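*Asks:* My numbering puts the first residue of the sequence shown at 183, with every later residue one more than the last.
Using N, Cα and C, we set each Cβ at its ideal position, and we do this for glycine too.
No experiment lies behind these values; they were computed from the predicted model shown.
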Amino acid sequence: MANKSHGRCLVCDGVAIGLNFGVPTCMPCKAFFRRNAVKLGTRNFVCLGDGDCLVSYKHGRLCNCCRLAKCFRVGMKKSMILSDEERETRNRLVELNRLKRGKIPKQECVEWMKLSTSLCVSKRSVQYLSSSDQVVLANIFNAYENTCMRAKKTQFQCFPAVPHTSIHEFLNEFSSSFQIFLEYFKNIPEFDNIIMDDKVRLVKSHFGIMINMNEPLMHPITSSNLLATWTNVFGINLTKRLLKRNEIMEQYIYDPLLLKILLIILVLSSNNVRHLNHVDIIEIYDNSLSIYAAQNVYIELLWRYILSRSETEKDAVKFYNKLIMCILYTQNLDMDIDSYVTSLTHEIQQMEPLMQNMWPRNDQIIDITDDEIIV
Numbered sequence: 183m184a185n186k187s188h189g190r191c192l193v194c195d196g197v198a199i200g201l202n203f204g205v206p207t208c209m210p211c212k213a214f215f216r217r218n219a220v221k222l223g224t225r226n227f228v229c230l231g232d233g234d235c236l237v238s239y240k241h242g243r244l245c246n247c248c249r250l251a252k253c254f255r256v257g258m259k260k261s262m263i264l265s266d267e268e269r270e271t272r273n274r275l276v277e278l279n280r281l282k283r284g285k286i287p288k289q290e291c292v293e294w295m296k297l298s299t300s301l302c303v304s305k306r307s308v309q310y311l312s313s314s315d316q317v318v319l320a321n322i323f324n325a326y327e328n329t330c331m332r333a334k335k336t337q338f339q340c341f342p343a344v345p346h347t348s349i350h351e352f353l354n355e356f357s358s359s360f361q362i363f364l365e366y367f368k369n370i371p372e373f374d375n376i377i378m379d380d381k382v383r384l385v386k387s388h389f390g391i392m393i394n395m396n397e398p399l400m401h402p403i404t405s406s407n408l409l410a411t412w413t414n415v416f417g418i419n420l421t422k423r424l425l426k427r428n429e430i431m432e433q434y435i436y437d438p439l440l441l442k443i444l445l446i447i448l449v450l451s452s453n454n455v456r457h458l459n460h461v462d463i464i465e466i467y468d469n470s471l472s473i474y475a476a477q478n479v480y481i482e483l484l485w486r487y488i489l490s491r492s493e494t495e496k497d498a499v500k501f502y503n504k505l506i507m508c509i510l511y512t513q514n515l516d517m518d519i520d521s522y523v524t525s526l527t528h529e530i531q532q533m534e535p536l537m538q539n540m541w542p543r544n545d546q547i548i549d550i551t552d553d554e555i556i557v
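1) Go to N414, then tell me how far its alpha helix (DSSP H) extends in each direction, as first and last residue.
2) What do you reckon, are the CB atoms on H388 and S313 nearer than 9 Å?
3) What is the residue span of the beta strand (DSSP E) that V205 lies within?
4) Do the CB positions of I620 and Y487 come within less than 9 Å of each other?
5) Which full runs of the alpha helix (DSSP H) of 4+ residues lie inside the stretch 337-384, going along the chain?
6) Just to confirm my understanding: we take H350, look at its own chain, exclude 5 residues before and 5 after, and list those with CB closer than 7 Å. What are they?
7) Around the Cβ of M262, are there at least 16 other Cβ atoms within 10 angstroms (buried) or fewer (exposed)?
8) Name the DSSP beta bridge partners of N202, please?
9) Based on Cα-Cα distance, which residue from I393, Q316, C245 lies nearest to D232?
10) Is the shortest distance between the beta-carbon of P438 and the beta-carbons of chain D less than 9 Å?
11) When DSSP builds the beta bridges, which residues end up paired with Y272?
12) Do F501 and S492 have their C-beta atoms within less than 9 Å of each other?
13) Excluding the 5 residues flanking D380 on each side, which residues of the same chain have their C-beta closer than 7 Å to its C-beta?
14) Could you tell me the distance, in whole angstroms, from the CA atom of Y239 to the CA atom of R249?
15) State the start and end residues of the unbroken alpha helix (DSSP H) segment that holds W485.
16) Cutting at 8 Å between CB atoms, please list the residues of its own chain near T421, excluding the five before and the five after it.
17) Could you check if M295 is buried or exposed, using at least 16 other CB atoms within 10 Å of its CB as the buried criterion?
18) Near R272, what residues of its chain come up, given a Cβ to Cβ distance below 8 Å and the 5 sequence neighbours on each side ignored?
19) Please state whether the Cβ-Cβ distance between C247 and C229 is less than 9 Å.
20) So, do the stretch 419-438 and the stretch 361-374 have three or more beta carbon pairs nearer to each other than 8 Å?
21) If you count every other CB in all the chains shown that lies within 10 Å of the CB of K221, and 16 or more means buried, which is it?
22) Report yes or no: do three or more beta-carbon pairs, one from the stretch 383-397 and one from the stretch 514-522, lie closer than 8 Å?
23) Does the beta-carbon of P398 have 16 or more other beta-carbons within 10 angstroms, so that it is buried, or is it exposed?
Here it is in structure tokens:
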């Protein structure tokens, strides 16, 4: 089918690509208006001619002043320009809606997921994802958006705010964002229904893997402050491994749901490297069966999700294997960081109560109530 014609650009008479900010325009004029309309009041646009320069794609659209004036004259609306935050939110919602409809083209997925064996919505999506599955996936997406992503945009745009030279300063700043992170899990019914003592144990047990998996989602670009902090508090070797973790996880962060489901699975794991001496998990949790059941819900959902976005079951298995390798790398890194921090008693003593309680010591356990961790 031939592409639908949108006529001519009302600004420069080029080929219009569609309605942009209220009127038909070409791509260059759309980009020009978005870039410059927001600068009015902070930048002076001066015409070097008589104030009525010809604005035409044939003549290079040379005068920015007259071009911007014509944009407004033909009806382009500054109020329709989305901020970066609004555009990011819209794009995420578009991605989720496409997922629900099964309309993500294969060629778009390849770039979107940045994987050679990428997850793409296939014609078999309906076969694997029921309507109730799609409701659960939408709830997961919205829960993360309304907690972690909202906090990122309003409170944690720059993390850390300054380069830190000690672990306790770094984790004390992290404490407030971790509390927001816990809000995400409180929106997951299967987690919320677990008895309070077991919920607290799960959070303590999986603190490291939780933040190691979530940090690249929250901050996909390693800021100079974060890099300096890692180097200062962990040293060169662990910093290189943290950067390697980000490199490995980069291929997964573009999916709107994959890592969000995985985080739920990991926090609902009754197995824990911090309790290797406990052969029987009954010694750790009061109701291990409810934890098994809750985790199984999301393990099966993750598998169906991967199947629904793979061309073949073989592709799904390959992708799943890559994902497991990513988890194992991250868990191994977490174990080494955990051991390192645990050895620094003087640093732990200076942490805020919530962070301090993530590393309980034999000589003194911080008296922090369950309600202070999870309400």
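*Replies:* According to the structure data:
1) Start and end: 406-431.
2) Cβ distance not < 9 Å, so H388 and S313 don't count as in contact.
3) 205-207 is the span of the beta strand (DSSP E), which, as asked, contains V205.
4) Residue 620 is absent from the structure shown; the chain starts at 183 and stops at 557.
5) For the stretch 337-384, whole alpha helix (DSSP H) runs of length 4 or above, ordered along the chain, are 349-368, 371-374.
6) Here the set comprises E529, Q532, M533.
7) It counts as exposed.
8) DSSP links N202 through a beta bridge to V205.
9) Taking D232 as reference, the option from I393, Q316, C245 with the minimal CA-CA separation is C245.
10) Judged by its chain identifiers, the structure shown contains no chain D, having just a single protein chain.
11) Per the sequence shown, the amino acid found at residue 272 is Arg instead of Tyr. DSSP lists no partner for R272.
12) Cβ distance < 9 Å, so F501 and S492 count as in contact.
13) Taking D380 as the centre and dropping the five residues before and after it, the same chain places the C-beta of Y467, D468, N469, I473 closer than 7 Å to its C-beta, in chain order.
14) Rounded to the nearest angstrom, the two C-alpha atoms are 11 Å apart.
15) Where W485 is concerned, the enclosing alpha helix (DSSP H) stretches over 470-490.
16) For T421, where only same-chain residues beyond five positions count, the Cβ hits under 8 Å are L409, W412, T413.
17) Any reading at M295 needs caution, since the residue's pLDDT is 41, under 50, leaving its predicted position unreliable; the model's value is listed next. Buried: at least 16 other Cβ atoms inside 10 Å.
18) Scanning its chain for C-beta atoms nearer than 8 Å, with the 5 sequence neighbours on each side dropped, one finds around R272 the residues L264, in chain order.
19) For C247 and C229, yes; Cβs fall inside 9 Å.
20) Here the stretch 419-438 does not lie against the stretch 361-374, with fewer than 3 beta-carbon pairs under 8 Å apart.
21) Flag for K221 reads exposed.
22) With a cut-off of 8 Å, the stretch 514-522 and the stretch 383-397 count as touching, because enough Cβ pairs lie within range.
23) The residue is buried, with at least 16 neighbouring Cβ atoms inside 10 Å.
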